[in-house]
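So the structure is just underneath, and the comments pick up after that.
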Amino acid sequence: MKIIKKSTVLLFISILFLSSCSDNIGDSKEISFYHWKTTLDLTAKKQEYLNSLKVNKLYIRFFDVKWVEKKNSAYPFATLQAKNNMNDTSIQIIPTVYITNQTLKNTSTHSIHKLAQEISSKIYRLCSSRFYQHLNNKLIHEIQFDCDWTLTTKEKYFSLIEEIRKTESYGKLNNPKISSTIRLHQVKYFEKTGVPPVDKAMLMFYNVGKITDIETENSILDLETVKKYLSNFDDYPLDFDIALPLFSWGVVFRDEHIVKLVNNLSIETLNEHSKFKHIEKNRFKVTENNYINQSFLYKNDEVRVEEVNQEKLVELVKLISEKAKNNNFNLCFYHLDENIIDNYSADDLTKIAKSE
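First residue of the sequence shown? That's 973 in this note's numbering, and the numbers climb one at a time after it.
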């Protein structure tokens, strides 16, 4: 009988171990969240949720930049308030600023530099007051801009990003990387729409349908619509992560025209409500005037409930993984909220992150 040397056995075991480890590498994508509320309050419930998912990154909306017609100028709105300063540096903070396309349309080319200074200065002031531990320890590694720029405003948007990099406040932030949100049509037609001068993209896989069209079934996420935009996916020149929806709402129509959105609405809720009649699929008719989720609805209003479930998100991540040349993208869920935590367990999101 042939005797196998001990060293050979150990080598064989080592190879098996390393092979097993390599098989597990990348099995689960990193999870982060958007925080889009004006008040930052990381309750014990939220912290426990983040810890269970090993979240170490939050994209926190610092403020919006909107154009004010009466003053003929851009102004900040919805500036972040915090119930307490965030001293926990184990979570990376990414200051995120939403810029309306109207702001870009109305800002003259020679005023872009001034706007860049104002934006970067406000980001720095908020970091100094709300996240000074992160700032002092040079832990602001990234800032993100969210903007629905168009063909007519892309040059101003791209110039704004370049000017922000030149500002004194950007230097005080230790020259963090800059990322930008990108809509799906800007991926498919990037040679026409352009690519912003940023370090990384956040591809937005929600609000993909036409919300104002009464015939739309689900404007938040429709996989057939998404598939139409993935033909040039491999050619997109920026590294990217992907943003996925966890929210729901009711789209309210009156005389076939959209009149409002009711947040955190579900089919289950309306099925159990006596003043709503189920018409078909995700559509309901209001049978009596009533309040729901702090919104007043009139008799005969039609409500289209738009939701996203775990199964659909698993299918979406698999689809993206098949199309993506670089499969190292991570997931950012929109958004961190008590209702979201109640509807999606940590296990639910972990399964989505492992669904490539």
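Where is the CB? At the ideal position from N, CA and C, for every residue including glycine.
Cut-off 6 Å between Cβ atoms - residues of its own chain near residue i, not counting five sequence neighbours on either side
{"i": "residue 1045", "result": "none"}
{"i": "residue 969", "result": "Outside the displayed span of the chain (973 to 1328) sits residue 969, for which this structure offers no information."}
{"i": "residue 1036", "result": "1049, 1050 and 1070"}
{"i": "residue 1158", "result": "1165"}
{"i": "residue 1204", "result": "1160"}
{"i": "residue 1011", "result": "1053"}
{"i": "residue 1259", "result": "1247 and 1249"}
{"i": "residue 1130", "result": "1168 and 1169"}
{"i": "residue 1202", "result": "1295"}
{"i": "residue 1219", "result": "none"}
With 16 other Cβ atoms within 10 Å as the buried cut-off, status of residue i
{"i": "residue 1222", "result": "buried"}
{"i": "residue 1209", "result": "exposed"}
{"i": "residue 1250", "result": "exposed"}
{"i": "residue 1186", "result": "exposed"}
{"i": "residue 1116", "result": "buried"}
{"i": "residue 1006", "result": "buried"}
{"i": "residue 1061", "result": "exposed"}
{"i": "residue 1191", "result": "buried"}
{"i": "residue 1306", "result": "buried"}
{"i": "residue 1279", "result": "buried"}
{"i": "residue 1123", "result": "exposed"}
{"i": "residue 1224", "result": "buried"}
{"i": "residue 1229", "result": "exposed"}
{"i": "residue 1106", "result": "buried"}
{"i": "residue 1253", "result": "exposed"}
{"i": "residue 1231", "result": "exposed"}
{"i": "residue 1263", "result": "exposed"}
{"i": "residue 1330", "result": "The requested residue 1330 is not part of the displayed model; the chain covers only 973 to 1328."}
CB-CB length for residue i against residue j, believed under 8 Å
{"i": "residue 1027", "j": "residue 1000", "result": "Residue 1027 to residue 1000, Cβ: 12 Å. No contact."}
{"i": "residue 1302", "j": "residue 1002", "result": "4 Å"}
{"i": "residue 1064", "j": "residue 1029", "result": "5 Å"}
{"i": "residue 1076", "j": "residue 1125", "result": "4 Å"}
{"i": "residue 1193", "j": "residue 1086", "result": "Not a contact, Cβ separation roughly 38 Å."}
{"i": "residue 1233", "j": "residue 1277", "result": "That pair is no contact at about 11 Å."}
{"i": "residue 1287", "j": "residue 1195", "result": "6 Å"}
{"i": "residue 1141", "j": "residue 1092", "result": "4 Å"}
Contacts around residue i, its chain only, beta-carbon distance under 7 Å, and the 5 residues preceding and following it disregarded
{"i": "residue 998", "result": "In this prediction, residue 998 scores a pLDDT of 47, lower than 50, which makes its location untrustworthy; no coordinate-derived value is stated."}
{"i": "residue 1292", "result": "1214"}
{"i": "residue 1078", "result": "1039"}
{"i": "residue 1151", "result": "1114, 1116, 1170, 1171, 1172, 1173 and 1174"}
{"i": "residue 996", "result": "Only weak support is given to the placement of residue 996: the predicted model assigns it a pLDDT of 37, under 50, and the question is left unresolved by the model."}
{"i": "residue 993", "result": "Any reading at residue 993 must be qualified, since the residue scores a pLDDT of 41, below 50, and its modelled position is unreliable; no value is offered."}
Cut-off 8 Å between Cβ atoms - residues of its own chain near residue i, not counting five sequence neighbours on either side
{"i": "residue 1034", "result": "1051, 1052, 1067, 1068, 1069, 1094, 1095 and 1098"}
{"i": "residue 1147", "result": "1137"}
{"i": "residue 1324", "result": "1216, 1282, 1285, 1286, 1289 and 1303"}
Does the segment 1015–1025 come close enough to the segment 1303–1323 that 3 or more CB-CB pairs lie under 8 Å? At 8 Å Cβ cutoff, the stretches touch.
Contact between the segment 1165–1185 and the segment 1264–1275 (3+ Cβ pairs under 8 Å): The segment 1165–1185 vs the segment 1264–1275: no contact.
Sequence ranges, beta strand (DSSP E) only - wholly within the segment 1060–1100, length at least 3: 1064–1071
Would you list, in sequence order, the uninterrupted beta strand (DSSP E) runs of no fewer than 3 residues that lie entirely inside the segment 1161–1205? 1172–1176
Every unbroken beta strand (DSSP E) inside the segment 1244–1293 [3 residues or more]: 1248–1252, 1255–1258, 1262–1264, 1267–1269 and 1274–1278
Considering only residues of the segment 1016–1061, which uninterrupted beta strand (DSSP E) runs meet the minimum length of 3 residues and lie entirely inside it, listed in chain order? 1029–1040 and 1045–1049
Which parts of the segment 1216–1248 are runs of the beta strand (DSSP E), unbroken and 3 residues or longer, counting only runs that do not cross its ends? 1221–1226 and 1229–1235
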